[in-house]
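Engineer:
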Amino acid sequence: NRYQNNSYHHPNTPMGKKRIRPLSSNGNKSDPELGSNSLHKRAVHEAGLPTSVLRGNSKNSKNDLLHNNTETKTIDVQRPILRTRSDGSESTFGDLVDDSAKSRISALELDRGNSEGTIKTNFKLTERILTSSVWKHFRTKNPIFLLLVTGVSMMGVSLYTQSYATLSVTLDQVIITENERVQKVYGHFESIEKDMNSLQRKLLELHPHASGILSSNELDRDHQSGNDNAPQTDNVSNGVFDEIVAVKERIRMESSRISAFEKHIQATSLRDATRKYGTGVVRVQLTLDFLSDRSLEQTEGQESLHHQLILEMAPLDLMPHSVYTFLEMVDNHLYDGCSFILNAMNILKAAPLPYEKGEWGSAKQMDRNFHKLGLETVSFREYSEEYKHEQYTVGFAADGSPDFFINTGDNTEEHAGEPCFARVVSGFETVTKMEDEPLRSGMWIKKRIGIKKATVL
Numbered sequence: 001n002r003y004q005n006n007s008y009h010h011p012n013t014p015m016g017k018k019r020i021r022p023l024s025s026n027g028n029k030s031d032p033e034l035g036s037n038s039l040h041k042r043a044v045h046e047a048g049l050p051t052s053v054l055r056g057n058s059k060n061s062k063n064d065l066l067h068n069n070t071e072t073k074t075i076d077v078q079r080p081i082l083r084t085r086s087d088g089s090e091s092t093f094g095d096l097v098d099d100s101a102k103s104r105i106s107a108l109e110l111d112r113g114n115s116e117g118t119i120k121t122n123f124k125l126t127e128r129i130l131t132s133s134v135w136k137h138f139r140t141k142n143p144i145f146l147l148l149v150t151g152v153s154m155m156g157v158s159l160y161t162q163s164y165a166t167l168s169v170t171l172d173q174v175i176i177t178e179n180e181r182v183q184k185v186y187g188h189f190e191s192i193e194k195d196m197n198s199l200q201r202k203l204l205e206l207h208p209h210a211s212g213i214l215s216s217n218e219l220d221r222d223h224q225s226g227n228d229n230a231p232q233t234d235n236v237s238n239g240v241f242d243e244i245v246a247v248k249e250r251i252r253m254e255s256s257r258i259s260a261f262e263k264h265i266q267a268t269s270l271r272d273a274t275r276k277y278g279t280g281v282v283r284v285q286l287t288l289d290f291l292s293d294r295s296l297e298q299t300e301g302q303e304s305l306h307h308q309l310i311l312e313m314a315p316l317d318l319m320p321h322s323v324y325t326f327l328e329m330v331d332n333h334l335y336d337g338c339s340f341i342l343n344a345m346n347i348l349k350a351a352p353l354p355y356e357k358g359e360w361g362s363a364k365q366m367d368r369n370f371h372k373l374g375l376e377t378v379s380f381r382e383y384s385e386e387y388k389h390e391q392y393t394v395g396f397a398a399d400g401s402p403d404f405f406i407n408t409g410d411n412t413e414e415h416a417g418e419p420c421f422a423r424v425v426s427g428f429e430t431v432t433k434m435e436d437e438p439l440r441s442g443m444w445i446k447k448r449i450g451i452k453k454a455t456v457l
């Protein structure tokens, strides 16, 4: 009835009469306008739209009001028609049409602008949040926020600095390592070249007719170096890596030459050893003189006792050069008067040092005797995997001297690559006695053990 009855009672109007208030655009709203708003709310409620669209917050709502006013004026022009209500009162039909038309028009406009209005409303809400004073205050005035931003920034700077420093250090280490490697390769090459020259000299001393082999190898090397000269020059200009490749190639060539020299020396030693000492088993006897026993023997009036060691040479086909060199040293009596001076690291080492003064000359004279015959050491480090440094084997020292040693333990790993040419087959008690001799500084034998005589059996 509220929507149909648009009249109201005035205090000065009799109860039996109705007074119809016309539409008014100024002052308070008329009853039709109130009814129109109620119809708007009902239409909005039925359409499931937010009620904020009735508050005039957007341009769509303003357009709706203007559109409603236009429609209202159009309807007002129509001829007023009286209609009797159920209670007997009369009202204009134009008022009712006015209310219903406004409701339908507003509902259609709201339904059409629903989606666009919602998107604009959400965008404006986000814009308001980002530009609000609360957010600005939190961003600029909150100390925790400022500390957090500052901490993250400093962390990023520190990580960048640390990464840059690590990269710089790594690059420097790579450069240093590469330079050290180049220097090491050059040093190794110089060492190989010295060994090659030494082998060449010794080969000429051992076999005068070997000059033809040397000259042919020299020509081959010159020919290869002539062919590779241009590429090597280009490689060196490309950087350190190309230099290393070139040096490795030269090392390979020199190693090939050295291998040829070694094989020639082995063949020559095998031939000479077979001619002089035969093809069978060759043994050497060492007669030792213990100075520590002399004082005791003189006190008791006994004759001095000499202890003996029997060494059996390695097969000539395995170690021809080392065996032949040792036999030549013994046959020329170069070890007579020498002594065992060291007991350490599972070896008993003998050196060209006299164990008695005056009788065998000085150490300098002994060393000169070895060099005079060209037997100061082996020409190269001959080694065979079939004849390793096991216990009671005998080998040459690796320092380029005529020193030799007896392995009192298994030194396969410690002396791998060094010449091993004989083994003890008799006189093990003598070896034990040598180990029991008093030492000085934990390694030097106090009273030297002399080699009275060395003989090839």
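For reference, each letter of the sequence shown is one residue, going 1 to 457 in UniProt numbering.
No residue lacks a Cβ here, since even glycine has one placed at the ideal position from N, Cα and C.
1. Do you know how far the Cα of Ile-347 is from the Cα of Ile-175?
2. List, from N- to C-terminal side, the beta strand (DSSP E) runs of 3 residues or more that fit wholly inside the region 258-298.
3. Any idea if Asn-425 is buried or exposed, counting beta-carbon neighbours within 10 angstroms, 16 or more meaning buried?
4. Put residue 458 into one of helix, strand or coil per three-state DSSP.
5. Buried or exposed for Tyr-160, please, with buried defined as at least 16 other CB atoms from any protein chain shown within 10 angstroms of its CB.
6. Across which residues does DSSP place Val-456 in a beta bridge pair?
7. Taking the DSSP output, what are the residues bridged to Gln-308?
8. Hey, could you find the ends of the alpha helix (DSSP H) Lys-349 is sitting in?
9. In the DSSP assignment, find the beta strand (DSSP E) that holds residue 463 and state where it starts and stops.
10. Is Arg-440 helix, strand or coil by DSSP?
11. Under 7 Å, do Pro-352 and Pro-402 count as touching if we go by C-beta distance?
12. Taking residue 467 and Glu-437 to be in contact with their CB atoms under 8 Å, please state how far apart those CB atoms are, rounded to whole angstroms.
13. Using DSSP bridges, identify the partner residues of Met-393.
14. Applying the criterion that 16 or more other CB atoms from any shown protein chain within 10 Å of the CB defines a buried residue, is Thr-279 buried or exposed?
15. Pick helix, strand or coil for Arg-381, following the three-state DSSP scheme.
16. May I ask you to report which of helix, strand or coil DSSP gives Asn-332?
17. Have a look at Val-433 and Ala-267 and give me their C-alpha separation to the nearest angstrom.
18. Beta-carbon separation of residue 465 and Leu-327 under 7 Å?
19. Is it right to say Phe-428 is buried, meaning 16 or more other beta carbons lie within 10 angstroms of its own, or is it exposed?
20. What are the start and end residues of the alpha helix (DSSP H) that includes Asn-369?
21. Can you name, in chain order, every residue of its own chain whose Cβ lies under 6 Å from the Cβ of Trp-444, other than the five neighbours on each side?
22. Only counting the same chain, and skipping five residues up and downstream in sequence, which positions put a Cβ closer than 6 Å to that of Ile-258?
23. Could you tell me how far apart the beta carbons of Tyr-324 and Ala-273 are, in whole angstroms, since I believe they sit closer than 8 Å?
24. Taking the alpha carbon of Ile-265 as the reference point, which residue from Thr-287, His-389 and Asp-317 has its own alpha carbon closest?
25. Return the chain-ordered list of same chain residues with a C-beta closer than 8 Å to the C-beta of Gln-183, the five sequence neighbours on each side being excluded.
Structural biologist: In short:
1. Approximately 42 Å, taken between the alpha carbons.
2. The region 258-298 contains these whole beta strand (DSSP E) runs: 283-290.
3. Correcting the residue identity first, residue 425 is Val in this sequence and not Asn. The residue in question, Val-425, is exposed, as its Cβ has fewer than 16 Cβ neighbours within 10 Å.
4. One cannot answer for residue 458 here, as it falls past the ends of the chain, which runs 1 to 457.
5. Exposed, since its Cβ has fewer than 16 Cβ neighbours within 10 Å.
6. As a beta-bridge residue in DSSP terms, Val-456 pairs with Val-284.
7. Among the bridge pairs identified by DSSP, Gln-308 is matched with Thr-287.
8. Counting along the chain, Lys-349 falls outside any alpha helix (DSSP H), though it belongs to the beta strand (DSSP E) covering 347-351.
9. As displayed, the chain neither begins before 1 nor continues past 457, which places residue 463 out of reach and without an answer.
10. Three-state result, Arg-440: strand.
11. Yes; because the gap between Cβ atoms is below 7 Å, this pair is in contact.
12. Outside the modelled stretch of the chain, which goes from 1 to 457, sits residue 467, for which no answer is possible.
13. In the sequence under discussion, the amino acid at residue 393 is Thr, which differs from the Met named in the question. Under the DSSP definition of a beta bridge, Thr-393 partners with Arg-423.
14. That one is exposed.
15. Three-state result, Arg-381: coil.
16. DSSP, read as helix, strand or coil, puts Asn-332 in coil.
17. Before going further, note that residue 433 is Lys rather than Val in the sequence given. Cα to Cα, the separation comes out at about 39 Å.
18. Look at the range of the chain in this structure, 1 to 457, and you will see that residue 465 is not part of it.
19. So Phe-428 ends up on the exposed side.
20. Boundaries of the alpha helix (DSSP H) around Asn-369: 363-372.
21. There are no such residues.
22. For Ile-258, where only same-chain residues beyond five positions count, the Cβ hits under 6 Å are Met-196.
23. Tyr-324 to Ala-273, Cβ: 4 Å. Contact.
24. Minimum Cα distance to Ile-265 is reached at Asp-317.
25. Within the same chain, no residue comes within 8 Å of Gln-183 by CB-CB distance, once the 5 residues on both sides are set aside.
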